[in-house]
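Chemist:
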Amino acid sequence: MVRMSLAAQYPASQAPFGVGLKLSEAYPEDGRLEIAEAVLAGAWRTLRAAGFGEAEVQALFDQIADRPEDLARRLRKMANAAG
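Positions 275 to 357 (the numbering used here) are the ones given, in order, by the sequence shown.
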């Protein structure tokens, strides 16, 4: 039995982020947007591989978008606890 990697099972094309996503015209062209897109696409693939349905993952991303300050606060707390 051939086992496919998670990346092969859930390619970036299944993520909701298109190539060239633009947050605003003023966003710097220093590569940070591409890094952010890769991180978000990786999170999408990881959640899908963990068994979350597409609608569930989309709802989670929507919830985060609605309350970014809550997410930022939780991420800072986790980062501070880790190191």
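Ideal Cβ positions, reconstructed from N, Cα and C, are used throughout, including at glycine.
Applying the criterion that 16 or more other CB atoms from any shown protein chain within 10 Å of the CB defines a buried residue, is R319 buried or exposed?
Modeler: buried
Chemist: Once the 5 residues before and after D336 are set aside, which same chain residues still bring their CB inside 8 angstroms of it?
Modeler: none
Chemist: Taking just the CA atoms, how far does I338 sit from M330?
Modeler: Checking the displayed sequence, the identity of residue 330 turns out to be Glu instead of Met. Cα to Cα, the separation comes out at about 12 angstroms.
Chemist: Can you give me the Cβ contacts of L345 inside the same chain, cut-off strictly under 6 angstroms, excluding the 5 residues immediately before and after it?
Modeler: I338
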